[in-house]
Amino acid sequence: HLMKTVPKEVYDQILPVADSSPLRREIDHIGVGFDLQFISSSGGSNRQCTQIFTHAHASDKSTRSFTKDLTDNPEAQPEDLARRRVTLMNPEARHIMRILTESLSQFERVIRRRRFGFQSFIYFPKEYADPLMEKRCLICNKTFHFFRRDFYCQLCGHMVCGDCSELYEVEARIGEIRKNRCCRLCVVRVDACKFDDEDLLAALGPIIVDTPSDAWLPNDEETQGWEDNDLMGQLCSDDPEARSQALEQLGKLVAKPSSSSSLETVTSSKSTEKKSQVQHVLSNIESHLNEELAKAQLNSSIQTCDVSDRTRDYKYEFDANQVTHEDIPLAPKPEAQKDARRVELIKSSGALQSDYDRSALNLIAQVAAKRLGCPIGVVSMIDDEQFHAVGNYNLPSEALHLPRNEVPCMHSVYAEKPLVIKNPQRDMRFSKMPCVDDLGVKFYAGFPLRAPGGEVIGNLCALDGNTHSNISTKDYSTMETLAKLASDLLIPSKT
97 HLMKTVPKEV YDQILPVADS SPLRREIDHI GVGFDLQFIS SSGGSNRQCT QIFTHAHASD
157 KSTRSFTKDL TDNPEAQPED LARRRVTLMN PEARHIMRIL TESLSQFERV IRRRRFGFQS
217 FIYFPKEYAD PLMEKRCLIC NKTFHFFRRD FYCQLCGHMV CGDCSELYEV EARIGEIRKN
277 RCCRLCVVRV DACKFDDEDL LAALGPIIVD TPSDAWLPND EETQGWEDND LMGQLCSDDP
337 EARSQALEQL GKLVAKPSSS SSLETVTSSK STEKKSQVQH VLSNIESHLN EELAKAQLNS
397 SIQTCDVSDR TRDYKYEFDA NQVTHEDIPL APKPEAQKDA RRVELIKSSG ALQSDYDRSA
457 LNLIAQVAAK RLGCPIGVVS MIDDEQFHAV GNYNLPSEAL HLPRNEVPCM HSVYAEKPLV
517 IKNPQRDMRF SKMPCVDDLG VKFYAGFPLR APGGEVIGNL CALDGNTHSN ISTKDYSTME
577 TLAKLASDLL IPSKT
């Protein structure tokens, strides 16, 4: 990183020569350079040490002179150049270099407030099940009294004292700074996340962005790469008859009324290959998507695309006996009656049975992944114990079934709205989850699947090993449309 003043000839056009300025005498420009080096810790730790080196100088040579051939001149010694610069230096130039160099003391402060900007905060404390928890500090366990005031950490949501917490700057958007109280434990957990973003403007930018009007139109790039072998490899089944029924059901959901007879011909013909059936259904899905996107374009805007933001209404609860890492907060729990109804719908759908035909759900997961430019797509359901991938595209086998507390999907189920995480590895809710840390997930977008009564029964997800700066309003409408298809497949409407 390098910061440099403009050349003297330009500088003098801005300020009169008679005025006192840093570029007086023979000084042509001032340069201050910063070099950041990240050094991995020893012993296999994933924590890093950051070292910053700075170099400042004032030069009497213009930038153009550096390109001239100076081979005829004797090479100057560094000591001689240093003494020459000292004689040319003036107090104003020294002052500028001192300010820029001393500004490094604010480096840690800026980094910390941006790290906090990636977190999810709670602004209204919730009541404790045990009233005694409200009378003691979570960290030091000391009782609150007149001289030991009670505060609550706006990251974990627990009561702490002033000695165990502090007000920190938070920069959730570039230039927008506020202060939030955080406890010492949460600061440690945030620092343990992985922050490797190179473009902070995009990382701290909006989650949803507008789609240009011409980008709503269908294009070949969205459907390219649909190879027959790839499709058949993902959708192959041991039961061809059942496979035909699943794809036929999906085909009926997306087929135009005028094409229903042709669909029946394709699916009922004994001579028709499965490959043709898959391609036919896929073509209908793409046509259905394009029609729905054309309708959505008229009313779609950033304001209408509701996502789960960086605020929440539940505390972080930690229990090392229920998760694989002590810093993974337990997933939020919906109301007991609502959750019981949700689990009942999931089990009655039959999707958790081993003999359930997943071909149509696999195809939807694949279309979702392709449309969002991700290598992995998942149709998920979460019962009272586990996460289940009832449909997937390229999901590793070890991630087909995971503990309920160790998947981002449960957070989307609780919020009952889409959850888009630009990079889960920098969010203390998800950074230590094995499905995020071990699989290297750096982007997650989950859209709710709803039963006819509105209950959230699962998610349609797209995942990537690379960060995504945002999703567009078109992406949002695409995922909503595909999530509706998956919902109708899992629990069809009775009407």
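Each residue of the sequence shown is one higher than the last, beginning at 97 in our numbering. Just so it is clear, CB atoms sit at the ideal spot from N, CA and C, and this is done for glycine as well. Owing to the predicted nature of the structure, the values given are computational and were not obtained by experimental measurement.
Mind reading off the beta-carbon distance from residue i to residue j? Whole number of angstroms is fine, and I expect it under 8 Å.
{"i": "L545", "j": "S583", "result": "4 Å"}
{"i": "I235", "j": "K411", "result": "About 15 Å; that fails the 8 Å criterion."}
{"i": "L556", "j": "S404", "result": "No, L556 and S404 are not in contact; Cβ-Cβ is about 15 Å, not under 8 Å."}
{"i": "N562", "j": "K538", "result": "6 Å"}
{"i": "I126", "j": "L184", "result": "Not quite, the Cβ-Cβ distance comes to about 11 Å (not below 8 Å), so this is no contact."}
{"i": "S573", "j": "L389", "result": "6 Å"}
{"i": "H564", "j": "K513", "result": "Contact flag wrong, Cβ pair sits at about 18 Å."}
{"i": "R277", "j": "P425", "result": "Actually they are not in contact, since the Cβ atoms of R277 and P425 sit about 18 Å apart, beyond 8 Å."}
Of all the options the options, which has the alpha carbon lying nearest to the alpha carbon of residue i?
{"i": "V305", "options": "S261, C401, R277 and R280", "result": "C401"}
{"i": "N73", "options": "G258, A495 and N276", "result": "Residue 73 lies beyond the range of the chain shown here (97 to 591); nothing can be said about it."}
{"i": "T420", "options": "E551, F130, N501 and I273", "result": "N501"}
{"i": "R244", "options": "C252, R232 and L251", "result": "R232"}
{"i": "R269", "options": "D246, R209, C279 and D287", "result": "R209"}
{"i": "N458", "options": "V377, G253 and N562", "result": "V377"}
{"i": "R40", "options": "P118, L251, K157 and V256", "result": "Coverage of the chain is limited to positions 97 through 591, which leaves residue 40 absent and any answer about it impossible."}
{"i": "D423", "options": "D533, H497 and P308", "result": "D533"}
{"i": "A464", "options": "H254, M575 and R180", "result": "M575"}
{"i": "Q418", "options": "P499, L468, C470 and P471", "result": "P499"}
{"i": "A427", "options": "V509, V256 and S476", "result": "V509"}
{"i": "I460", "options": "S444, A511, K538 and G487", "result": "G487"}
{"i": "P471", "options": "F291, Y540 and Q250", "result": "Y540"}
{"i": "L468", "options": "S568, E431 and K391", "result": "S568"}
{"i": "V266", "options": "R406, S155, V374 and D246", "result": "R406"}
{"i": "E616", "options": "P530, F240 and V552", "result": "Residue 616 lies beyond the range of the chain shown here (97 to 591); nothing can be said about it."}
{"i": "D310", "options": "S455, K434, Q215 and K570", "result": "K570"}
In angstroms with no decimal places, state the Cα-to-Cα distance between residue i and residue j.
{"i": "Y248", "j": "G542", "result": "30 Å"}
{"i": "E198", "j": "V206", "result": "14 Å"}
{"i": "I381", "j": "G554", "result": "21 Å"}
{"i": "K528", "j": "S396", "result": "35 Å"}
{"i": "G301", "j": "S261", "result": "28 Å"}
{"i": "L281", "j": "G473", "result": "35 Å"}
{"i": "L677", "j": "I273", "result": "Lying before the first or after the last residue shown, residue 677 is absent from the chain, which here runs from 97 to 591."}
{"i": "G129", "j": "L196", "result": "9 Å"}
{"i": "K466", "j": "I148", "result": "41 Å"}
{"i": "F592", "j": "D409", "result": "Absent from the structure is residue 592, since the part of the chain shown begins at 97 and ends at 591."}
{"i": "D131", "j": "L297", "result": "20 Å"}
{"i": "D523", "j": "R211", "result": "9 Å"}
{"i": "A485", "j": "K580", "result": "17 Å"}
{"i": "E494", "j": "I135", "result": "32 Å"}
{"i": "V182", "j": "Q133", "result": "29 Å"}
{"i": "T150", "j": "K275", "result": "30 Å"}
{"i": "T307", "j": "L491", "result": "29 Å"}
{"i": "P187", "j": "D415", "result": "59 Å"}
{"i": "R121", "j": "K157", "result": "12 Å"}
{"i": "N325", "j": "V475", "result": "Only weak support exists for where N325 lies, its pLDDT of 48 falling under 50; the coordinates are left without a value."}
{"i": "L394", "j": "G213", "result": "33 Å"}
{"i": "R285", "j": "C505", "result": "21 Å"}
{"i": "H497", "j": "F483", "result": "5 Å"}
{"i": "R339", "j": "N386", "result": "Low per-residue confidence applies at R339: pLDDT is 49, beneath 50, and the placement is therefore not dependable enough to give any value."}
{"i": "S445", "j": "D453", "result": "12 Å"}
{"i": "D451", "j": "Q462", "result": "21 Å"}
{"i": "L177", "j": "I192", "result": "20 Å"}
{"i": "C279", "j": "Q202", "result": "21 Å"}
{"i": "Q345", "j": "Q375", "result": "14 Å"}
{"i": "F240", "j": "D292", "result": "39 Å"}
{"i": "S356", "j": "I442", "result": "Note that S356 scores a pLDDT of 41, beneath 50, so its modelled location is shaky and nothing firm can be said."}
Quick one: grab the DSSP three-state call for residue i.
{"i": "R285", "result": "helix"}
{"i": "I567", "result": "strand"}
{"i": "R208", "result": "helix"}
{"i": "S367", "result": "At S367 the pLDDT is 40, less than 50, meaning the model places this residue with poor confidence and gives no usable figure here."}
{"i": "N380", "result": "helix"}
{"i": "E337", "result": "Caution applies to E337, whose pLDDT of 48 falls short of 50 and renders its modelled position unreliable; the value that the coordinates give is listed next. It is helical."}
{"i": "R180", "result": "helix"}
{"i": "K275", "result": "strand"}
{"i": "G213", "result": "helix"}
{"i": "M193", "result": "helix"}
{"i": "Y572", "result": "helix"}
{"i": "G469", "result": "coil"}
{"i": "Q250", "result": "coil"}
{"i": "G301", "result": "coil"}
{"i": "L578", "result": "helix"}
{"i": "T293", "result": "The sequence as given places Asp at residue 293; Thr does not occur at that position. Correct three-state label for D293: coil."}
{"i": "L586", "result": "helix"}
Quick one: does the C-beta of residue i sit closer than 7 Å to a heavy atom of the ligand FMN?
{"i": "K518", "result": "In the structure shown, the ligand FMN is absent, as is every other ligand, since no ligand is present at all."}
Checking contacts by CB at 8 Å: is residue i closer than that to chain C?
{"i": "L578", "result": "In the displayed structure, chain C is absent; only one protein chain is listed."}
In chain order, which beta strand (DSSP E) runs of at least 3 residues are fully inside the stretch 477-547? Correct list: 482-489, 497-499, 515-517 and 539-546.
Whole runs of the alpha helix (DSSP H) within the stretch 386-459, excluding any shorter than 4 residues: Every unbroken stretch of the alpha helix (DSSP H) spanning 4 or more residues and falling wholly within the stretch 386-459 is given here in chain order: 432-445.
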